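Notes follow once the structure below has been shown.
Numbering (the numbering used here), first residue to last: 17 to 731.
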């Protein structure tokens with residue numbers, strides 16, 4: 017007889033609680049939001065509701081596979097496979113050094129707490145620095161801004177206290193990925209915030225699902241985010257809406273920032289970015305103009321945030337720096353005496369102090385890539401260079417790659433180049449439940465347990481940014497892997513390979529026993545050992561709980577800490593000045609390609625599931641109806657989209673929410689380059705992008721949005 021179980025979804029960082037229906041053989045046959053959960057209150061997005069289809073899919077890989085010379089795959093027992101991989105690793109490291117072995121962390125590794133920490137521990141055990149992830153082709157501008165501008169140790173203003181929020185190129189009601197915004201039941205929580213007076217400003221080329229709730233919406237041209245942000249800063253500073261007291265104590269070179277943004281007048285910004293002067297001024301006022309309160313005026317609270325729009329466009333690091341400058345000059349940070357909404361449940365408890373974490377510019381020292389001279393960020397190499405790190409001969413050339421929870425063939429820009437590079441590897445190992453385009457190129461494919469079959473907790477790293485109450489949900493393994501299958505916990509692959517190579521793994525500063533494998537519970541207990549709630553107590557509440565933890569308030573900064581935010585360093589100043597002198601679009605490319613999230617999928621995952629195929633069998637190229645007419649196109653027509661770097665086929669679809677001149681298409685779809693399946697399954701805009709032209713000099717970030725394109729007829 018079917019039974020019910022409660023667990024957490026782990027597609028994204030929201031970790032919404034789900035109530036599952038499980039049949040007599042341990043299969044999940046239905047999923048829905050858990051109405052009894054105190055945080056999510058019954059909410060689950062469409063992706064969580066169809067996760068059972070992934071578990072039961074006929075396309076799911078259930079046995080380790082080894083690729084043959086002809087490209088086919090045969091089953092191989094896991095123990096024999098790991099022994100074979102270990103032998104190859106040992107030979108590669110002996111001949112070429114540990115840095116010849118690399119790993120790529122994908123989206124699903126982030127959502128698997130034990131594996132997320134085991135992967136870098138494995139590389140450290142080998143002595144390899146070759147760590148890549150989706151972060152450095154996604155929003156690594158946030159890392160650059162933190163290290164170049166500085167950070168605030170107490171964090172930004174609480175969502176619960178916000179008078180105003182400003183979103184630039186992010187659509188959190190769909191992407192569910194913006195910090196300091198409610199990811200669990202987001203529409204309901206946004207409605208509640210607006211009822212108490214929250215003002216929302218959205219800057220985006222499309223009137224997104226989030227923009228429809230905005231008090232001020234600026235429908236900007238793609239790629240003009242730095243222009244608009246500089247214009248907003250100019251208005252705020254010129255009208256005295258900045259927090260002068262905060263800036264006097266914590267900001268370096270405010271006058272230099274004011275001089276740098278002076279040319280970005282409302283009239284200039286309006287003409288260049290395609291917005292109105294009135295709209296620009298309204299946005300600045302909604303975000304920054306002080307509000308009347310008892311005794312006079314008070315500063316507003318609430319933060320500015322960005323997403324993939326500006327972080328994937330030209331000048332991504334500049335745009336992110338200017339977003340954070342809005343927070344800095346307006347003082348949108350927690351202050352002494354403020355309550356900390358979530359002091360932490362699983363993360364180590366630490367005191368929050370109202371002080372600046374000084375800039376450190378770590379990329380300027382230490383390891384440098386032989387491809388472009390790029391440094392590292394937060395212990396990672398730049399994924400924009402991955403293909404060339406594989407194909408460029410010499411010391412440090414990557415010869416082996418482990419991919420966990422990701423699909424770089426479909427995710428990394430310049431698809432043809434990255435696919436060709438992966439074909440040149442001596443060893444490619446994918447931990448992957450489906451035969452993705454990356455797995456097709458692998459020498460070995462190891463199928464992992466899916467989320468309902470493994471034990472898990474939410475990430476320590478994001479806890480205080482996405483959960484505004486001290487909440488946690490221990491998710492036990494509630495489903496049984498298919499009968500006769502040989503699936504494995506991702507983390508075990510890395511632990512076992514280290515064991516076979518005679519290496520010791522240091523897991524979150526704790527040496528692991530390399531004779532007997534730990535359990536997942538033991539690993540999770542290690543990770544939460546410094547949290548406010550014991551692991552044993554967490555296990556007693558698999559339905560999720562808002563815990564009573566010792567309250568915390570923000571403390572004053574240490575008197576000896578005199579660090580300040582560096583709002584206008586020389587390299588930022590040069591780049592901003594360069595924006596003023598940019599040439600226009602290259603001739604022959606009148607349109608701009610814009611990135612787009614969709615509700616149905618998470619990056620490259622689950623496109624093949626029946627629930628997704630029914631709703632979205634491919635990724636259309638969305639265009640404003642008037643633009644379709646001007647181009648002589650009709651909805652449903654197949655066209656070619658051409659950029660300076662490549663060409664793809666796409667089917668156009670009208671979207672009146674877009675501004676004219678914009679083509680919006682979701683990433684991660686479609687077959688390998690030059691493949692044309694019988695049933696059209698979309699195209700990958702990655703083929704329109706380049707990882708050799710226009711990379712950012714700090715983080716090798718390719719231009720992935722605001723790319724100049726045109727339509728052409730197809731043969």
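No residue lacks a Cβ here, since even glycine has one placed at the ideal position from N, Cα and C.
As the structure is a prediction and not an experimental result, all values here were calculated from the model.
Where residue 153 sits in the DSSP three-state scheme: In the three-state reduction of the DSSP assignment, residue 153 falls in the helix class, which pools H, G and I.
Neighbour-count burial assignment, residue 590, 16 or more Cβ in a 10 Å radius: Residue 590 counts as exposed, since fewer than 16 other C-beta atoms from the protein chains shown sit within 10 angstroms of its C-beta.
Beta-carbon contacts of residue 498 that lie in its chain and below 7 Å, excluding the five residues immediately before and after: Apart from sequence neighbours up to five positions away, the residues of its chain that approach residue 498 with a beta-carbon distance below 7 Å are 78, ordered along the chain.
Distance between residue 500 and residue 695 (C-alpha atoms, nearest Å): Taking the straight line joining both Cα atoms gives about 32 Å.
Residue 687 versus residue 656 - alpha carbon distance: For residue 687 and residue 656, the distance between alpha carbons rounds to 16 Å.
Limits of the unbroken alpha helix (DSSP H) element including residue 592: Segment 586-596, the alpha helix (DSSP H) holding residue 592.
Burial state of residue 383, where buried means 16 or more other Cβ atoms lie within 10 Å: Residue 383 is exposed by the Cβ-count criterion.
Contact check, residue 172 vs residue 327, beta carbons under 8 Å: No. Outside cutoff.
Distance, residue 235 Cα to residue 642 Cα: Distance between the alpha carbons of residue 642 and residue 235: 16 Å.
Burial state of residue 597, where buried means 16 or more other Cβ atoms lie within 10 Å: Answer is exposed; the Cβ neighbour count stays below 16.
Simplified DSSP state of residue 81, which is helix, strand or coil: Judged by DSSP in its simplified three-state form, residue 81 adopts strand.
The alpha helix (DSSP H) enclosing residue 480, as first and last residue numbers: Here the alpha helix (DSSP H) through residue 480 covers 479-482.
Rounded straight-line distance, which links the Cα of residue 240 to that of residue 215: Residue 215 and residue 240 have their C-alpha atoms spaced approximately 23 Å apart.
Rounded straight-line distance, which links the Cα of residue 232 to that of residue 158: C-alpha separation (whole angstroms): 24 Å.
Cβ contact check for the stretch 577-591 and the stretch 517-527: 3 or more pairs under 8 Å: Below 8 Å, too few C-beta pairs join the stretch 577-591 and the stretch 517-527 to call them touching: fewer than three.
C-beta contact flag for residue 348 and residue 169 at 8 Å: No, the Cβ-Cβ distance between residue 348 and residue 169 is not below 8 Å.
Contacts around residue 432, its chain only, beta-carbon distance under 7 Å, and the 5 residues preceding and following it disregarded: Here the set comprises 689, 703.
Boundaries (first-last residue) of the alpha helix (DSSP H) holding residue 341: Residue 341 -> alpha helix (DSSP H) spans 332-345.
Limits of the unbroken alpha helix (DSSP H) element including residue 506: Boundaries of the alpha helix (DSSP H) around residue 506: 506-516.
Exposure label - residue 93; buried when at least 16 CB within 10 Å: It counts as exposed.
Residue from 27, 17, 270 with nearest C-alpha to residue 43: Answer by Cα proximity: 17.
Inter-residue Cα distance where the pair is residue 200 and residue 246: Computed Cα separation, rounded: 32 Å.
Contact between the stretch 653-670 and the stretch 699-714 (3+ Cβ pairs under 8 Å): Three or more beta-carbon pairs drawn from the stretch 653-670 and the stretch 699-714 are found closer than 8 Å, and the two stretches are therefore classed as touching.
Cβ-based neighbour list, residue 24, same chain, cut-off 8 Å, excluding 5 preceding and 5 following: These residues qualify, in order along the chain: 31, 32, 33, 34, 472, 474, 489, 491, 560.
C-beta contact flag for residue 720 and residue 463 at 8 Å: Against a cut-off of 8 Å, the Cβ pair of residue 463 and residue 720 comes out as no contact.
Top-ranked residue by Cα proximity to residue 329, from 291, 722, 104, 453: Comparing Cα-Cα distances from residue 329 to each of 291, 722, 104, 453, the minimum goes to 722.
Assigned exposure category for residue 465 - 16 Cβ within 10 Å defines buried: Counting other Cβ atoms within 10 Å of its Cβ, residue 465 reaches 16 or more and is therefore classed as buried.
Residue 471 at chain D interface by Cβ criterion, 8 Å: Structure shown: chain D not included; a single protein chain is present.
Residue nearest to residue 364 in terms of C-alpha spacing, selected from 446, 517, 486, 650: Comparing alpha-carbon positions, the option among 446, 517, 486, 650 lying closest to residue 364 turns out to be 486.
Where residue 312 falls, given that 16 or more other Cβ within 10 Å makes a residue buried: Label assigned to residue 312: exposed.
Proximal residues to residue 358 (C-beta, below 7 Å), its chain only, five neighbours per side dropped: Excluding residues within five positions, the ones whose Cβ falls inside 7 Å are 479, 480, 483, 484, 485, 486.
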